[in-house]
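Beneath this line is the structure, given in structure tokens, with notes to follow.
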Amino acid sequence: MSKTKLPNYEQHGQTITFDYSNHQLQLTVLTPEIVRVFEYRGNDGSSYAIEGSKEQKTDFTIKQIDDHYELRTSALTIKLDAGQHLDVYDQKGNPLVTDYRGKRQLLNKGIDKVHERLVKAEGHSVSESTVKSDSGYYQIVKSLAADEQLYGLGDKTGYLNKRGYEYDNWNVDNPNPQLENFTKLYKSIPVMLGLKNGRPYGLFFDNTYKSHFDMGKENSNYYFYTAVDGNIDYYVLGGRSLKDVVTNYTYLTGRVPLPQKWTLGYQQSRWGYSASQKEVQDIVDGLKKYDLPCDAIHFDVDYMRGYRVFTWNKDNYNGNPKKFVSDLKNQGIKVVPIIDPGVKKDPEYQTYASGIKNGYFVTSPDGKVYINKVWPGDSAFPDFGNPKVRQWWANNNKFLTDMEVSGVWIDMNEPASFEGQIPDNIIFSDENKKSTHKKMHNVYGHNMARATYAGLKKQQDKRPFVITRAAYAGTQKYSTIWTGDNRSIWPHIQMMIPQLCNLGMSGFSFVGTDIGGFASDTTSELLTRWIEAAIFSPLLRNHSAMGTRHQEPWSFGEPTLSIYRKYLKLRYHFIPYLYDLFAQESKNGLPIMRPLVLNYDNDPRTREINDEFMVGDNVLVAPIVEPSQAKRLVYLPEGQWIDFWNNREYEGQQDIVMDAPLDKLPLFIKKNTILPWGKSVDHVSEKADQEITFKVFGDHADYQHYQDDGTDFNYQDGEFNQYRIAVDGDNVNVQLKHHGFKSAYEKITVELPDGKNIFKLYNNGKYQDQ
Ligand code: MIG
């Protein structure tokens, strides 16, 4: 067969199958901006990331033009040739994703085997580099332009722009200090976004097997993706902006559902508190005594009986933990206990016994239940890929929901194990088929989160609050995430910004890090800067490891305590704004916390910013993330910006020098913005607010505000209110555009920049001047 002969193709609906000599390649047009590229390689089963069909009726054409086929939608053009090169262009013909034509050049590490042994003997590690996860099974190599930035990839360490680094997709629990040379963490979210010569695109590789990204480290002319097994199955995502790409990606893999409102409140945690009621009570008392608003306390593994999941050590809770949990709830503090997947091997213990009886644990190839060690010692691992096991696990959560907990925090679900990694060949289910750890590892946490979500939804009739450590693409539909075991070190407050921003661009909008740092000992300055820098992170939780220096807000006395309090109070004022952003996010997938580049992808200056971020479209945050620093440069994108603290106005597209003494978080609001401004409260109330304030920055602005009961699913049946606030100078107009939630605000205050307040009262279905 001549090399230049184009393959025949067949078209079925929106799928075109090209018949290459030894395999078939399929292109499926899902929408004008989403095209799937698929080559079957023996892996059956459906996607864990994508649920249901995402195909929309879309017009497209396919034609042979010279030596290639050309598939065109209104947004994308895909060219495919006889050598199976696939090139994607935007509507105007600009290249977005093009196959690299040359050969890969393995990175020369300048070391031979003998020296490698010597270097390792001294304790250094020689990175095996780019060939490591590249078994030669398949590789997808795309060309990299000189001007091209790469984002996304979930929770990876390092900086916002991933270019120049390599990463693995294999969920791990690695307690070493996570720095930019780490290739993998707890989550595998194989989506990347790029700006090629300023033009946005995305690629999502839907393969749960171990895979590898080289983002132009091996060679600056290309980036590549390899996997050790699985089909070639990726999605090309287009869009006019990076925002569109995120919207398209979350259309495919799902969006964070609207959370309960209180989950946006402050949460206090530490490994150890839950050993007894007294210790928890001391913390609750401290929060109250020091006037610190708080909505939840997390219970780490210590509340259980010998680390047996779904048990409670009642002896340390006056025999009645349920009473304690419900008393706390009545005082406005919710309890969120931890659950690990590992089930203690103990025939006398109900969860283990029922898992054994039903065959719900993963097994060795010989059929014996596979045992490894985790917190409770010898433990078995639920087979979450099996729908029956998920159902069982969902039901197990009833033990906790009966105790009136308000959410469940799930940990160790990479899955982590103390006695070596679980071998590849351990038998795990892939839905109703037998599969192996090798395929199911990266979706273990995903399926555990899904089961937990289902349990809470059924048992509580509220929007489930699940927080998971391990995740795969799409887990955002079921769970909030935190970034695992960071440390109380300055590099980790720095890392928080790009890490949470990249998670946001990877579909995970409800994210947070352990404020103050989990491992190692924090300092008063680090804790102070951390609460400032994290105050807009959607999940706002201070958490630390047992045996480290205490980091409750009062641990360092003054001025740490007062500064901490000042920012918690600021957070509570911002909760209606954050909640509005979540209401929008559940429709467009855009994250709450965003890198500047997501809002301003046309501005080259925003493309590499690691120490500033935005909250929604109009709030810019530039925290101090270095010790002993009291001033910093802040880059402001186009437009005018108002200093939140003193109303001073700045022109954008310039760097300004900001003073930032220890108690100051540099914060800017874009001119002509309206912000909803909640009351300063100790806990988010489940009673509907009767009043709200809107603060106006600038002289004309328009804002949409969302309100519902903040807890259940009734909003899906229209039980919500949508307000429009329009301001033009002193002219203020408030409209209730949708009235589905009975309790509309009785009074609305609009605070103009000059301090003047305009009051609107609800009367006969309208807001009128007081
Ligand atoms: O191996 O439950 O990331 O947040 O405090 C430690 C104890 C297990 C790891 C979690 C951390 C939690 C800790 N867990």
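First residue of the sequence shown? That's 428 in the numbering used here, and the numbers climb one at a time after it. Don't be surprised by glycine CBs; every beta carbon is placed ideally from N, CA and C.
In the three-state reduction of the DSSP assignment, residue 1002 falls in the helix class. Taking residue 988 as the centre and dropping the five residues before and after it, the same chain places the C-beta of 717, 980 and 981 closer than 7 Å to its C-beta, in chain order.
Contact annotation, residue 956 with residue 1051: C-beta distance approximately 5 Å; criterion of less than 8 Å satisfied. Taking C-beta atoms as the reference points, residue 636 and residue 656 count as a pair closer than 8 Å. The residues 581, 900 and 933, in chain order, have a CB closer than 6 Å to that of residue 616 in the same chain once the five nearest residues on each side in sequence are set aside. Annotation for residue 840: 768, 871, 872, 875, 895, 896 and 897 place their beta carbon closer than 7 Å to its own, counting only its chain and skipping 5 residues before and after.
It is roughly 6 Å from the alpha-carbon of residue 1013 to the alpha-carbon of residue 683. Straight across, the Cα-Cα distance linking residue 512 with residue 506 is about 8 Å. In terms of Cα proximity to residue 1146, the closest of 1155, 1060 and 1136 is 1136. In the structure shown, the three-state DSSP call for residue 639 is strand.
Counted as a single uninterrupted DSSP element, the stretch harbouring residue 940 is not any beta strand (DSSP E), since DSSP gives it neither H nor E.
Assigned with DSSP and collapsed to three states, residue 981 falls in coil, not helix or strand.
Going by beta carbons, residue 788 and residue 805 fall outside the 8 Å limit.
Boundaries of the beta strand (DSSP E) harbouring residue 1196: 1193-1196, taken from the DSSP string. Residue 577 carries a strand assignment under DSSP once its states are collapsed to helix, strand and coil.
A direct Cα-Cα distance of roughly 10 Å separates residue 651 from residue 526.
8 Å or more divides the Cβ of residue 492 from the Cβ of residue 498.
Closest in C-alpha terms to residue 725, from the list 941, 501 and 1196, comes 941. Using a C-beta cut-off of 8 Å, the segment 769-780 makes no contact with the segment 858-869, since fewer than three inter-stretch Cβ pairs fall below that distance. Here residue 1075 carries a coil assignment [DSSP, helix/strand/coil]. Taking a cut-off of 8 Å for Cβ pairs, the segment 616-633 and the segment 668-681 touch, as three or more such pairs fall below it.
Secondary structure of residue 1043 (DSSP, three-state): coil. By the Cβ criterion, the segment 721-736 is in contact with the segment 752-768, since at least three pairs of Cβ atoms, one from each stretch, lie closer than 8 Å. A straight-line Cα-Cα distance of about 32 Å links residue 924 and residue 849. Apart from the 5 residues on each side of it in sequence, residue 906 sits with its Cβ closer than 6 Å to the Cβ of 876, 893 and 895 in its chain, given in chain order. Here the C-alpha atom of residue 1071 lies approximately 6 Å from the C-alpha atom of residue 1094.
433 is the residue among 532, 642 and 433 whose C-alpha sits nearest the C-alpha of residue 494.
Here the segment 1102-1113 makes contact with the segment 998-1011; the two share three or more CB pairs at distances below 8 Å. For residue 835, the enclosing beta strand (DSSP E) starts and ends at 835-837. Annotation: the continuous alpha helix (DSSP H) that includes residue 674 extends over 669-680.
Annotated as distal: residue 439 and residue 760, with beta-carbon spacing of 8 Å or more.
By the neighbour-count criterion, in which 16 or more other beta carbons inside 10 Å mark a residue as buried, residue 845 falls on the exposed side. Only buried fits residue 959, as 16 or more other CB atoms lie within 10 angstroms of its CB. If you look at residue 957, you'll find it isn't in any beta strand (DSSP E); it sits in the alpha helix (DSSP H) that goes 951-961. For residue 627, the enclosing beta strand (DSSP E) stretches over residues 626-632.
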